[in-house]
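Residues in the sequence shown are numbered from 3 upward in steps of one, following our numbering.
To start, the structure itself, in structure tokens.
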Amino acid sequence: MAERSFAKEVEKLRLGAGEEFAGEGILAITKALLQCGVGYVGGYQGAPISHLMDVLADAQDILGELGVHFEASASEATATAMLAASVHYPIRGAATFKSTVGTNVASDALANLASGGVTGGALIIVGEDYGEGSSIMQERSHAFAMKSQVWLLDPRPNLPSIVKAVEDGFELSEVSNTPVMLQVRIRCCHVHGHFTAKDNKRPPMSVADALSAPRRDTGRIVLPPASFLHEKEKVAKRWPAAVDFIKSRKINEMFGPDHGSVGIVMQGGMYNSVIRALQRLGLADTYGDTDVPLYVLNAVYPLVDDEFLAFCEGKQAVLVVEEGQPNYIEQAFAAMLHKAGRGTKLVGKEHLPMAGEYTGQVMLDGIGSFLRANAPHLLPGEVRAPNKLGEGVDTADLINVVPGRPPGFCIGCPERPIFAATKLVEQELGKHHIASDIGCHLFSIMPPFELGATTMGYGLGPASASAFNSPEAKRRSISFVGDGGFWHNGLTSSIGNAVFNKNDGVIVIVDNFYSAATGGQDILSSRANNRTKSTKHPIDEAVKGMGVKWLRHIDRTYDVGKMQAALRDALTTEEKGPKVIVASSECMLNRQRREKPPVDKAIKGGDRVVKPKFGVDEDICTGDHACMRLSGCPSLSVKSLDDPLRDDPVAAIDQNCVGCGNCGEVADAAVLCPSFYRADVVHNPGRWDRFLESARRAMIGLLQRRRESRRLMFADA
3 MAERSFAKEV EKLRLGAGEE FAGEGILAIT KALLQCGVGY VGGYQGAPIS HLMDVLADAQ
63 DILGELGVHF EASASEATAT AMLAASVHYP IRGAATFKST VGTNVASDAL ANLASGGVTG
123 GALIIVGEDY GEGSSIMQER SHAFAMKSQV WLLDPRPNLP SIVKAVEDGF ELSEVSNTPV
183 MLQVRIRCCH VHGHFTAKDN KRPPMSVADA LSAPRRDTGR IVLPPASFLH EKEKVAKRWP
243 AAVDFIKSRK INEMFGPDHG SVGIVMQGGM YNSVIRALQR LGLADTYGDT DVPLYVLNAV
303 YPLVDDEFLA FCEGKQAVLV VEEGQPNYIE QAFAAMLHKA GRGTKLVGKE HLPMAGEYTG
363 QVMLDGIGSF LRANAPHLLP GEVRAPNKLG EGVDTADLIN VVPGRPPGFC IGCPERPIFA
423 ATKLVEQELG KHHIASDIGC HLFSIMPPFE LGATTMGYGL GPASASAFNS PEAKRRSISF
483 VGDGGFWHNG LTSSIGNAVF NKNDGVIVIV DNFYSAATGG QDILSSRANN RTKSTKHPID
543 EAVKGMGVKW LRHIDRTYDV GKMQAALRDA LTTEEKGPKV IVASSECMLN RQRREKPPVD
603 KAIKGGDRVV KPKFGVDEDI CTGDHACMRL SGCPSLSVKS LDDPLRDDPV AAIDQNCVGC
663 GNCGEVADAA VLCPSFYRAD VVHNPGRWDR FLESARRAMI GLLQRRRESR RLMFADA
């Protein structure tokens, strides 16, 4: 169950020639694929591209009508390997995934695909996830394009440009027999706009047609001596063909006056931020008309020498706006100017940060600095001096006022009790080396749990603990892997590796029924019915099939005591070999998405509905807050009392509580206190409910009056 349904929006994909398409960037990409006659699409979800996978999944009826095959791939490598269908056959294919982690996983298939080349158009749509808001290491897709000689497009963030980039990408791939990467950042994926649609096209050759007429060309297979010839073909044929196409189609764009003393070169994805900065500097209007010449690289690899040198003609200085490090584009342009003997001054990172996302303020500061240094006459008088528009703003004051907010588990997350149990076991047995993994469970490294020492890649948690498989070790390592990572890479690279090498560590597979961190998509072990995918394949069976002998399955992770006991047994058993615990409970976000709509409908319809809520008895709570140190639930907070004799705030549960019961379970398992209680909230109560409520209130009132009368009696005595 994905976090968002696009069932209504995908109907726009049926629009025909001349009709106006309005919507989000990811919808525009999907529409462009269909207009281009794509034959097959594969991909793996991950921000900022997750919703593109969700759109494709919701559009499978439309894809089927056109004869387009779609797969939610097991990994990014699988998705890229699918593009092999375009090696020998004139079929257009597309793959999509998050970059750069996805590109890392896909790099083997990508390198082979780029070496042999393609006959049909092969487009790889990568969601560039760079900057402070990213969840991954800070790298760029550009390096992979250069390494494997794959052409890289980076369109301006507006729907017509995005659609054109998809069209250009397929044609560029076919003309140069080379796969093409289309880089889209989060603003590009979710920008809203409109464009004039075209009719969808059935692929001239479908994958079914290809199966009926098999083809093979040994010259396209990556095997010596062909692999050496591939390298020669890249340089002598494919590269010139790509450059000619980029020039003839005017894929790169120039804006502003034909002449000027300075100019700005930028990646296409940076265009909106550059124009906004120029607007704030008084050098552009809301329609993009600019007083500063701009050279927009919608194709950032390969670069076109002639275009760049022509742009630099007559200019004293040119600023390169290139997000990220290393500054590949700036280096390439500097080499072009040097070889051509030009005197134009080329600058970039002198005025813009070496690393980090180029936000609006960063762009304003950098472009303002460049213009003040090289063309102050262009600037209005009030902005010629620095720090007039917020430049150089010191964030120290903001940091002192706003406390740091580390990422953490959602309210009711079934993974929280797993790590509470781990902390309790460590109190008994001492600290252990813990290897973490990519996914929601990685939040365990943050307070209040502070567990985990490393994370090496999706599904590689147990693999990253394999070096600690020492026969002299007195303590076992613990490693975690999620169900998404398990099916992505962990089954072989982690579980299979542990079995083969007789690893004696403890492996916890966190099974929340979905690929939850990427948006709640179904996977092999999901327990939901899926009309187009095969689900309900237990992780236990796969683990047994790999040869694991010591296996425990906990089907309700909220039972902290049971989870604690399983971990204790795994860490202390005499049995050798990997000890695997499969800890299963449904992702609370997905559960709420599934359960809340019918419950809300029932309440509005007048049906009786009972919802559990948890609370803390203020009179019993001692205020030691140990419950929070073993929970960290956002709905568990503190509350100050009016009692002058009690200075310490007590625990309190707010209205966001979803009634998972973890706080009470943790308190019980840790032998903390009996202050937690459960209350059932009855919506639309019936007569019997009202009678019971009246009886309870009467009894409570009677007891309260009795206690008060006894207090007064003793006071008088």
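Beta carbons: idealized from backbone N, C-alpha and C, even for Gly.
If you're wondering where the values come from, they're calculated on a predicted model, not measured in any experiment.
- In the three-state reduction of the DSSP assignment, SER481 falls in the strand class.
- If you draw a straight line from the Cα of VAL562 to the Cα of ASN664, it comes to about 8 Å.
- Here the region 90-98 does not lie against the region 12-21, with fewer than 3 beta-carbon pairs under 8 Å apart.
- In this structure, GLU78 lies away from GLY118, with their beta-carbon atoms at least 8 Å apart.
- Membership of MET268 in the beta strand (DSSP E) is indicated by the continuous run 264-269.
- With contacts defined as CB atoms closer than 8 Å, GLY507 and SER472 fail to qualify as a contacting pair.
- Of all C-beta pairs linking the region 626-636 to the region 408-415, three or more are shorter than 8 Å, placing the two stretches in contact.
- Within the same chain, TYR132, ARG142 and ALA357 come within 7 Å of GLY326 by CB-CB distance, once the 5 residues on both sides are set aside.
- Setting aside the 5 residues that flank it on each side, GLY221 is surrounded in the same chain by ALA228, each with a C-beta closer than 6 Å to its C-beta; the list follows chain order.
- By the Cβ-count criterion, LYS598 is exposed, with fewer than 16 other Cβ atoms from all chains shown falling within 10 Å of its own Cβ.
- Of the residues ARG240, ALA87 and TYR46, the one whose Cα lies closest to the Cα of VAL107 is TYR46.
- VAL427 is positioned such that its CB atom lies closer than 8 Å to that of LEU573.
- Taking a cut-off of 8 Å on C-beta distances, the region 60-70 does not touch the region 82-92, as fewer than three cross pairs fall below it.
- Distance from the CA of MET338 to the CA of VAL152, rounded to the nearest whole angstrom, comes to 21 Å.
- A direct Cα-Cα distance of roughly 40 Å separates ALA467 from ARG680.
- The continuous beta strand (DSSP E) containing ARG554 extends over residues 552-556.
- Per DSSP, PHE470 is not a residue of any beta strand (DSSP E), being assigned neither H nor E.
- Counted as a single uninterrupted DSSP element, the beta strand (DSSP E) harbouring PHE72 occupies residues 71-74.
- For LEU354, the closest of ALA336, GLU332 and LYS341 by C-alpha to C-alpha distance is GLU332.
- DSSP places ASP524 in the coil class of the three-state scheme, outside both helix and strand.
- The three-state reading of DSSP puts TYR42 in strand, counting E and B together.
- In terms of CA proximity to ALA628, CYS675 leads the group CYS675, VAL128 and GLU620.
- The residues ARG610, in chain order, have a CB closer than 8 Å to that of GLY688 in the same chain once the five nearest residues on each side in sequence are set aside.
- For the pair LEU174 and THR32, the Cα-to-Cα distance works out to about 19 Å.
- In the DSSP assignment, HIS685 falls within the unbroken beta strand (DSSP E) covering 678-685.
- By the Cβ rule, the region 279-295 does not count as touching the region 333-352, because fewer than three pairs are nearer than 8 Å.
- Taken through DSSP and simplified to helix, strand or coil, LEU339 comes out as helix.
- Under the three-state reduction of DSSP output, HIS192 falls in the helix class.
- Taking the C-beta atoms as reference points, PHE23 is found no nearer than 8 Å to PHE172.
- Sorting GLY661, ASP682 and ASP621 by C-alpha distance to the C-alpha of ALA653 places ASP621 at the top.
- Between GLU169 and ALA301 the beta-carbon gap is near 13 Å, outside 8 Å, which marks them as no contact.
- Counting other Cβ atoms within 10 Å of its Cβ, TRP489 reaches 16 or more and is therefore classed as buried.
- Just so you know, the alpha carbons of PHE247 and ASP307 end up roughly 14 Å apart.
- Boundaries of the alpha helix (DSSP H) harbouring LEU694: 689-718, taken from the DSSP string.
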